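Each step along the sequence shown adds one to the number in the numbering used here, with nothing skipped, and position 120 is 397. For reference, the structure is listed below as structure tokens.
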Amino acid sequence: MAYVVTKDGTEIFFRDLGTGKPVVLIHGWPLSGDSWDKQANFLAEHGLRVIDYDRRGFGRSGQPWSGYDYDTLASDLNKLMEELDLRDATLVGFSMGGGEVVRYLSRYGTSRVSKAVLVSAVTPYLLKTSDNPDGVDPKVFEEIEENLRKDRPAFLNEFGPKFYGRSVVHHTVSEPVLEWTQSMALMGSLRSTLQTAKSWSSTDFREEMKSITIPVLVIHGTSDNTVPIDASGRRSVKILPNATLTEYDGEPHGLFLTAADRLNEELLQFVGGPREPISTPVLS
278 MAYVVTKDGT EIFFRDLGTG KPVVLIHGWP LSGDSWDKQA NFLAEHGLRV
328 IDYDRRGFGR SGQPWSGYDY DTLASDLNKL MEELDLRDAT LVGFSMGGGE
378 VVRYLSRYGT SRVSKAVLVS AVTPYLLKTS DNPDGVDPKV FEEIEENLRK
428 DRPAFLNEFG PKFYGRSVVH HTVSEPVLEW TQSMALMGSL RSTLQTAKSW
478 SSTDFREEMK SITIPVLVIH GTSDNTVPID ASGRRSVKIL PNATLTEYDG
528 EPHGLFLTAA DRLNEELLQF VGGPREPIST PVLS
């Protein structure tokens with residue numbers, strides 16, 4: 278198992294798959310790098326080097342008491358970038374991970390990064406305030422914290438179907454996928470789950486996004502009820518100087534599974550990997 282050790286001694290687990298131009302996949306809340314399985318496998322099979330990792334407090338990474346603010350999380354990402362000496366990389370952030378992409382680029386620059394992708398991302402600013410009237414009511418986030426503290430497994434059990442837009446009529450994902458999602462989420466600590474929720478719900482990225490001039494692809498589902506597109510994707514593309522928006526009509530928040538094939542192809546095209554799969558020897 279591969280780890281990098283951060284400044285405060287936290288072990289960050291990562292996977293390094295394939296060879297070629299590097300792509301770093303940054304997962305959402307409250308999951309782990311395993312949530313990227315379909316993307317990681319596809320991109321590596323198509324001639325790219327894919328790195329995904331577990332955010333501190335989640336998956337197989339360490340669970341420190343502190344460090345769940347975006348400055349520290351971006352520092353963790355920077356440690357990984359330096360340790361692996363990644364160059365000409367594409368950063369792909371899903372949901373909460375979009376904030377890490379923005380904070381990393383605004384703080385550490387683009388010497389190692391040539392492109393970025395924001396998928397269902399929480400940027401630019403989710404919290405409804407006097408100068409952000411189109412944001413989400415703070416009571417929503419207060420209820421999330423209350424329910425996590427009261428009964429985290431029950432909250433996550435209800436959160437999963439909403440995450441994927443699954444209903445009695447629309448089986449966007451299977452029951453086993455919901456169970457897998459629940460098991461990933463429960464690998465995180467209560468502390469990390471609570472503290473990162475505060476970070477993604479209240480961090481304002483608006484000003485720093487103006488300084489990001491590399492090409493950024495913004496992907497968002499029009500039926501995302503977890504991170505509404507009007508408060509996020511459509512606003513992000515207006516702030517970023519060099520961004521394009523792809524709207525996935527009718528797709529929910531967790532489109533990395535509900536629209537996996539489309540997302541995989543779009544990522545491959547944007548990164549610029551080989552169009553044909555790389556052949557691998559068949560075991561006999």
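Note that CB positions come from ideal geometry on N, CA and C, so glycine has one too. This one's a predicted model, so the numbers in the text were calculated from it and none came from an experiment.
For Y330, the three-state secondary structure derived from DSSP is strand.
As DSSP reads the structure, N409 sits in a beta bridge with T406. Checking the DSSP bridge columns, you'll see E288 partnered with V282. When DSSP states are grouped into helix, strand and coil, S397 belongs to the coil group. Collapsing the DSSP output to three states places S469 in a helix. Straight through space, the alpha carbons of R429 and I328 are spaced by roughly 29 Å. Of the candidates G324, S500, I491, the residue whose Cα lies closest to the Cα of S388 is I491. Around S479, the same chain offers L404 as residues with beta carbons nearer than 7 Å, after the five sequence neighbours per side are excluded. Look at S391 here: in three-state DSSP terms it is strand. The count of Cβ pairs closer than 8 Å, one atom from the region 435-443 and one from the region 286-301, stays below three, leaving the stretches out of contact. Excluding five sequence positions before and after E360, the CB atoms of its chain that fall closer than 8 Å to its own CB belong to V281, given in chain order. Beta-bridge annotation (DSSP): F533 is not paired with any residue.
Within a 10 Å sphere around the beta-carbon of V446 sit fewer than 16 other beta-carbons, which makes this residue exposed.
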